[in-house]
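Colleague: Right, I'll just put the structure down here and ask away after.
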Amino acid sequence: MIIVGDDPASRVYVNNKKKACEECGIYSEEYALPANTPEKELLELIDTLNGRKEISGILVQLPVPEHIDEKKIISAISPEKDVDAFHPINVGKIMVGDFDFVPCTPAGVMELIAESGIDVSGKECVVVGRSNIVGKPQAMLLLHKNGTVTICHSKTKNLAEKTKAADILVAAVGIPNFIKGDMIKPGAVVIDVGINRIEGKKLVGDVEFESAEKVAGAITPVPGGVGPMTIAMLMKNTVRAAVVQAEK
Ligand code: GUN
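Going by the working numbering, the first residue of the sequence shown is number 109, and it counts up by one from there.
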């Protein structure tokens with residue numbers, strides 16, 4: 109795990125990932141680099157880790173400081189150690205439906221859906237948000253399960269009309285309490301990917317839980333819903349990476 113700078117949210121995420129590794133018995137190393145670390149130094153560290161046989165997975169916590177080119181960093185990670193599945197090769201594999209790793213948050217959402225006994229096939233699935241980390245891969249995974257998928261974003265017109273048509277609604281916009289109960293179809297499955305800190309401390313999702321839970325058939329809370337699943341999927345990807353590398 110590599111963290112550059114001192115973003116407090118990133119610090120919490122990395123601590124949680126480190127703790128999960130300990131709980132699973134996965135050996136981990138943390139590299140906490142100062143915010144002014146030159147890009148070249150970060151690339152050299154990735155290169156060293158790429159070459160170390162006992163390291164199965166490499167994760168650079170995002171965002172990285174502005175002077176560092178995020179795309180260059182992601183592309184420098186060996187695709188077979190890319191446990192976040194952010195490398196263009198892994199993104200392409202997800203697109204064609206032939207992949208070893210799935211990005212952790214969308215994978216966690218799919219696991220929640222499957223474990224709850226919800227069949228995606230033929231359902232109207234609406235993903236609000238189009239990030240490379242969540243929205244886009246989430247849409248693809250739902251599509252692979254034969255959902256009818258709509259991706260909404262900040263330029264979408266009549267958003268409530270779209271969200272109200274969803275049997276499965278995934279909110280991943282990063283705006284606190286953005287999806288209200290009156291934007292949800294009665295009985296819908298509502299999955300809240302948002303983690304927003306408001307009033308300095310309190311964590312809330314992208315869904316206004318109080319109004320949404322009255323309408324939804326199933327709903328995930330924040331905190332404690334998708335967040336822990338993301339970390340569980342990171343552990344799964346890491347074990348998968350170790351297996352794939354051992355089989356080579
Ligand atoms: N920043 C926000 N989410 C993630 C994630 O899943 N992986 C990494 N590396 N950085 C993130």
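Every residue gets a Cβ at the ideal spot worked out from N, C-alpha and C, and that includes glycine.
Using 8 angstroms for Cβ pairs, my map puts I292 next to A320. What's the rounded Cβ distance?
Modeller: 6 angstroms between Cβ atoms; contact.
Colleague: I need the straight-line Cα distance from N144 to I166, nearest angstrom please.
Modeller: Approximately 21 angstroms, taken between the alpha carbons.
Colleague: What are the boundary residues of the alpha helix (DSSP H) that K148 is part of?
Modeller: Segment E147 to G159, the alpha helix (DSSP H) holding K148.
Colleague: Check E232 in the structure and name its three-state DSSP category.
Modeller: Looking at E232 - three-state DSSP - the assignment turns out to be strand.
Colleague: Can you find at least 3 beta carbon pairs, one from the segment 342–354 and one from the segment 311–318, that sit closer than 8 angstroms?
Modeller: Not touching, per the Cβ criterion.
Colleague: To which residues of the same chain is M248 closer than 7 angstroms at the C-beta, ignoring the five residues directly before and after it?
Modeller: So the list reads I202 and M203, once near-sequence residues are dropped.
Colleague: Return yes when at least one heavy atom of the ligand GUN lies under 6 angstroms from the C-beta of C212, else no.
Modeller: Yes; taking the cut-off as 6 angstroms, the Cβ of C212 has a heavy atom of the ligand GUN nearer than that.
Colleague: Start and end of the alpha helix (DSSP H) containing L251?
Modeller: Unbroken alpha helix (DSSP H) run through L251: G243 to H252.
Colleague: Taking Y121 as part of the alpha helix (DSSP H), name the residues at either end of that continuous run.
Modeller: Element bounds for Y121: P116 to C132.
Colleague: Within this structure, are the beta carbons of A268 and G302 separated by less than 7 angstroms?
Modeller: Their beta carbons are not under 7 angstroms apart, which means A268 does not touch G302 by this criterion.
Colleague: Measure how close the beta-carbons of V236 and I287 come, nearest whole angstrom, since I'm counting them as under 8 angstroms.
Modeller: Yes, they are in contact, since the Cβ atoms of V236 and I287 sit about 7 angstroms apart, within 8 angstroms.
Colleague: For P211 versus A193, is the C-beta spacing smaller than 7 angstroms?
Modeller: Yes, these two residues count as a Cβ contact at 7 angstroms.
Colleague: Which residue or residues does DSSP assign as beta-bridge partners of V103?
Modeller: As shown, the chain starts at 109 and ends at 356. That puts residue 103 outside it, with no answer to give.
Colleague: In the structure shown, what three-state DSSP assignment does K309 receive?
Modeller: Residue state, collapsed to three classes: coil.
Colleague: I need the straight-line Cα distance from F209 to H252, nearest angstrom please.
Modeller: Approximately 14 angstroms, taken between the alpha carbons.
Colleague: With which residues is A140 paired in a DSSP beta bridge?
Modeller: Answer is I111, bridged to A140.
Colleague: Can you tell me where the alpha helix (DSSP H) with V334 in it begins and where it stops?
Modeller: Here the alpha helix (DSSP H) through V334 covers V334 to E355.
Colleague: When DSSP builds the beta bridges, which residues end up paired with C58?
Modeller: Given that the chain is displayed from residue 109 to residue 356, the structure contains no residue 58 and the question cannot be resolved.
Colleague: Are the beta-carbon atoms of I181 and V168 separated by less than 7 angstroms?
Modeller: Closer than 7 angstroms, so yes.
Colleague: What's the C-alpha gap between I221 and Q246?
Modeller: Approximately 12 angstroms between the Cα atoms of the pair.
Colleague: For V168, which residues does DSSP report across the bridge?
Modeller: Partner(s): I110.
Colleague: Shortest alpha-carbon distance to I110 belongs to which of V312, V120, T271 and L141?
Modeller: The option with the nearest alpha carbon to I110 is L141.
Colleague: Residues in its own chain within less than 7 angstroms of V323 by CB, not counting five upstream and five downstream?
Modeller: Closer than 7 angstroms at Cβ, skipping near neighbours: G289, I292 and P294.
Colleague: Can you tell me which of V234, V242 and P284 puts its alpha carbon nearest to the alpha carbon of T264?
Modeller: Ranking the options by Cα distance to T264, first place goes to V234.
Colleague: What would DSSP say about N198, mapped onto helix, strand or coil?
Modeller: If DSSP states are grouped into helix, strand and coil, N198 belongs with the helices.
Colleague: Pull up the distance between the alpha-carbon of G243 and that of K126, whole angstroms please.
Modeller: If I take the Cα positions, the gap works out to 25 angstroms.
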